[in-house]
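Report on the structure given below.
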Amino acid sequence: MTIEQVSGSKSLSEGRWTYDVNHFHDHIINQAKAEWLADFNFSFFMTLTYRKSVFSEKKVREDLKKLYRAVSQKAFGRNAYDAFPSENSISFYAVIEEHADGALHIHMMLEDISRKNAYVRDSFQHLPDLIFIEWRKLAGNPTQLDEKRVCDRKERLSFANYLLKKSGARAERDVMDYLHVKKSINK
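All residue numbers in the sequence shown are consecutive under the UniProt record's numbering, ending with 187.
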């Protein structure tokens with residue numbers, strides 16, 4: 001068995017069989033990430049797009065930050081959010097993904113905040129509806145908004161695998177800044 005350099009990645013070769021070590025490594029990392037994400041109490045899987053193509057990852061990250069703050073404040077109230085941001089805020093894991101033309105969109109899994117013990121405003125709406133309202137303000141009436149309810153760990157694992165499908169083990173496409181839920185006890 002020899003290790004040789006093939007187009008910038010290491011491969012193990014024996015006879016006619018070649019296996020890309022980097023691909024194997026990425027697959028193992030994605031499997032572990034998906035299992036880890038499936039243990040969180042995520043209730044929704046969402047896809048957010050822009051009306052006009054956005055190619056800047058920096059802009060997408062800035063918009064996610066604005067979305068996070070706006071939705072958290074609307075759901076919990078400005079004072080509650082400012083006083084206890086980790087308890088009175090939405091929690092989600094997102095991946096920035098490219099369309100075929102290179103334009104960016106977002107896939108995310110998020111926690112249903114009605115499950116939290118924190119204070120939720122009486123005027124609070126269904127979380128995906130609130131996210132869609134705020135995202136429209138940021139994205140300019142997007143071409144696609146998609147929401148799916150996640151019921152159990154098996155579905156969370158399925159959506160986590162979908163989320164990670166193209167990001168591979170590329171951590172730079174993960175947005176974990178807004179992930180602060182406690183792991184579920186019930187699987």
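Note that CB positions come from ideal geometry on N, CA and C, so glycine has one too.
As the structure is a computational prediction, the values presented were derived from the model and not from experiment.
Just confirm the distance between the C-beta atoms of residue i and residue j, as a whole number of angstroms; I'd bet it's less than 8 Å.
i, j, result
"residue 53", "residue 100", "Going by Cβ atoms, the distance from residue 53 to residue 100 rounds to 11 Å, so no, they are not a contact pair."
"residue 45", "residue 148", "5 Å"
"residue 173", "residue 95", "6 Å"
"residue 60", "residue 106", "7 Å"
"residue 50", "residue 142", "6 Å"
"residue 75", "residue 130", "7 Å"
Under three-state DSSP, which class holds residue i?
i, result
"residue 175", "strand"
"residue 94", "strand"
"residue 99", "coil"
"residue 155", "helix"
"residue 126", "coil"
"residue 164", "coil"
"residue 30", "helix"
"residue 72", "helix"
"residue 60", "helix"
"residue 82", "helix"
"residue 190", "Here the chain comprises residues numbered 1 to 187, so residue 190 is not present and cannot be evaluated."
"residue 35", "helix"
"residue 87", "coil"
Cα separation between residue i and residue j?
i, j, result
"residue 30", "residue 161", "8 Å"
"residue 26", "residue 79", "42 Å"
"residue 47", "residue 38", "18 Å"
"residue 83", "residue 70", "15 Å"
"residue 175", "residue 93", "6 Å"
"residue 159", "residue 64", "20 Å"
"residue 165", "residue 98", "12 Å"
"residue 178", "residue 91", "5 Å"
"residue 128", "residue 66", "16 Å"
"residue 157", "residue 34", "6 Å"
Under a CB-based cut-off of 8 Å, is residue i close to chain C?
i, result
"residue 178", "As a matter of chain content, chain C is missing from the structure shown, which is built from one protein chain."
Mind checking who residue i pairs with in its DSSP beta bridge?
i, result
"residue 110", "44, 92"
"residue 148", "45"
"residue 105", "97"
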